[in-house]
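Written below as structure tokens is the structure these notes are about.
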Amino acid sequence: MNEQLARIVQEAEERLGACGSQAELSEIKVAYLGKKGEITQLMKGMKDLSPEERPAFGQLVNDARARVEEAIEKAAASMKSLERERRFKEEEIDVTLPAKKLRIGHSHPCQRALDEMERIFVGMGYEVIEGPEIEYQDYNFTKLNIPEGHPARDEQDTFYITDQILLRSQTSPVQARTMEKGKLPIRMISPGRVFRSDSIDATHSPSFHQVEGLAVDKHITMTDLKGTLTEFAKELFGEDTKTRFRPHHFNFTEPSAEMDVSCFKCHGKGCRFCKGEGWIEILGCGMVHPNVLEMCGIDSREYTGFAFGVGLERIALLKYEIDDMRLLYENDQRFLDQF
Ligand code: DAH
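Under the working numbering, read the sequence shown as residues 3 to 341, first letter to last.
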């Protein structure tokens with residue numbers, strides 16, 4: 003019996019010494035001290051011994067059990083410290099490695115172009131006013147001197163919601179809304195989304211953005227329009243930018259014009275960017291039509307004004323040299339990251 007115990011203890015100690023995992027440790031523990039474990043079996047076998055033999059044998063088994071328990075504890079402790087060492091190694095940080103590049107968000111090219119335009123006009127004393135995207139046809143057309151049945155209504159391929167309500171096809175209705183409020187003088191710009199039933203291509207989209215501008219005061223003349231818009235163009239595209247005004251037609255202005263800027267790539271010589279013209283068209287403008295002033299409750303004998311409308315995407319495309327409008331809407335991270 004004695005020998006058998008010594009062998010069991012030795013074997014347990016050897017196994018524990020070589021034990022390499024928590025699972026193996028539990029297995030060994032069960033094999034010796036569990037309900038059916040070797041030492042437990044020996045203890046159970048004591049009932050078959052004579053009363054004289056029992057105390058001495060009991061003592062031996064208890065000693066053996068204590069030794070195995072001690073060996074288990076030792077093995078558990080050494081495994082714990084090995085595990086800690088392993089984790090330390092694994093989690094070791096090399097502080098000399100270069101840091102990960104931080105990705106910081108930034109504004110969309112359209113937003114940047116708008117911020118720039120707002121900065122320029124606010125600097126000249128203009129207010130930024132927004133108007134509704136769902137609009138009455140009255141504001142989108144009638145009050146802008148485009149009466150019902152006028153062909154100019156068809157030119158703007160409008161999305162109608164009812165016969166009176168539509169998705170605005172231009173930001174110009176905000177002019178009428180602002181004039182109607184009756185607070186004079188007016189210096190405002192109005193950026194916003196507009197809608198036209200155009201199909202999508204490199205220069206068209208059913209939804210895009212415009213920035214409207216309006217100044218109404220006593221004694222405003224075409225010279226103010228030209229001076230203000232030329233100053234704007236210089237700020238936006240560079241000090242040496244020149245402007246020219248070509249006669250045009252808009253119902254809500256008289257006279258009306260389109261403004262070109264000298265090509266900021268070739269400075270007027272003619273290149274691929276300006277299609278050999280030397281000039282790039284950037285906006286429509288004109289002196290507010292007296293009919294429009296009157297329909298909005300302003301005395302056209304006392305007050306005059308100028309107005310303009312710029313396509314925001316067009317400015318962003320030009321300023322950041324992007325050749326396809328669709329890129330602005332797709333939000334491809336690889337494209338946006340360049341700005
Ligand atoms: N609303 C015009 C358009 O969508 C742009 C425009 C032209 C606005 C001349 C104006 C203006 O205020 O005076 O084509």
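Ideal placement from N, C-alpha and C gives every residue a C-beta, glycine not left out. Source: prediction; values computed, not measured.
Residue i: CB within 7 Å of a non-hydrogen atom of the ligand DAH
{"i": "A309", "result": "yes"}
{"i": "F197", "result": "no"}
{"i": "T255", "result": "yes"}
{"i": "S357", "result": "The structure shown does not extend to residue 357, since the chain is modelled only from 3 to 341, so the question has no answer here."}
{"i": "S209", "result": "no"}
{"i": "G286", "result": "yes"}
{"i": "F143", "result": "no"}
{"i": "Q340", "result": "no"}
{"i": "F252", "result": "yes"}
{"i": "E214", "result": "yes"}
{"i": "S201", "result": "no"}
{"i": "S192", "result": "no"}
{"i": "S109", "result": "no"}
{"i": "Q139", "result": "no"}
{"i": "S264", "result": "no"}
{"i": "Q113", "result": "no"}
{"i": "Q166", "result": "no"}
{"i": "Q335", "result": "no"}
Short Cβ contact (8 Å threshold) for residue i with residue j
{"i": "G181", "j": "V218", "result": "One point to set straight first is that residue 181 is Met, not Gly, in the sequence displayed. Closer than 8 Å, so yes."}
{"i": "V11", "j": "L35", "result": "no"}
{"i": "F310", "j": "L231", "result": "yes"}
{"i": "I41", "j": "R9", "result": "no"}
{"i": "L7", "j": "V97", "result": "no"}
{"i": "D200", "j": "D159", "result": "yes"}
{"i": "K220", "j": "E296", "result": "no"}
{"i": "A115", "j": "A259", "result": "no"}
{"i": "G313", "j": "V290", "result": "no"}
{"i": "T255", "j": "C298", "result": "no"}
{"i": "G229", "j": "H211", "result": "no"}
{"i": "F247", "j": "F197", "result": "no"}
{"i": "M48", "j": "R56", "result": "yes"}
{"i": "E5", "j": "A73", "result": "no"}
{"i": "I191", "j": "Y128", "result": "yes"}
{"i": "V263", "j": "I282", "result": "yes"}
{"i": "D242", "j": "H269", "result": "yes"}
{"i": "N253", "j": "N333", "result": "no"}
Those residues which DSSP pairs with residue i across a bridge
{"i": "I324", "result": "DSSP output for I324 lists no bridge partner at all."}
{"i": "H108", "result": "Looking at the DSSP assignment, H108 forms no beta bridge with any residue, so it has no partner."}
{"i": "V218", "result": "I188, G307"}
{"i": "A259", "result": "P249, C287"}
{"i": "E129", "result": "M190"}
{"i": "F161", "result": "L169"}
{"i": "S349", "result": "No answer is possible for residue 349: it lies beyond the span of the chain, which begins at 3 and ends at 341."}
{"i": "V312", "result": "V213, L285"}
Secondary structure of residue i, DSSP reduced to three states
{"i": "S302", "result": "coil"}
{"i": "L338", "result": "helix"}
{"i": "Y141", "result": "helix"}
{"i": "S83", "result": "helix"}
{"i": "Q172", "result": "coil"}
{"i": "Q430", "result": "No answer is possible for residue 430: the residues shown for the chain start at 3 and end at 341."}
{"i": "I282", "result": "strand"}
{"i": "Q212", "result": "strand"}
{"i": "R195", "result": "strand"}
{"i": "F275", "result": "coil"}
{"i": "S28", "result": "helix"}
{"i": "I136", "result": "strand"}
{"i": "G270", "result": "coil"}
{"i": "K183", "result": "coil"}
{"i": "N147", "result": "coil"}
{"i": "T205", "result": "coil"}
{"i": "I41", "result": "helix"}
{"i": "I122", "result": "helix"}
{"i": "T225", "result": "helix"}
{"i": "P153", "result": "coil"}
Any C-beta of chain C under 8 Å from that of residue i
{"i": "Y138", "result": "Reference to chain C is not applicable here, since this structure consists of a single protein chain."}
Check: residue i C-beta below 7 Å from any heavy atom of the ligand GTP
{"i": "E87", "result": "The ligand GTP is not among the ligands present in this structure, which contains only the ligand DAH."}
| Is the number of C-beta pairs between the stretch 123–139 and the stretch 157–171 that are closer than 8 Å three or more? | yes
| request: Would you check if the stretch 109–128 and the stretch 143–154 touch, i.e. whether three or more CB-CB distances between them fall below 8 Å? | output: no
| Given 8 Å, three or more beta-carbon pairs between the stretch 271–278 and the stretch 186–196 | no
| query | Does the stretch 20–27 come close enough to the stretch 77–87 that 3 or more CB-CB pairs lie under 8 Å? | reply | yes
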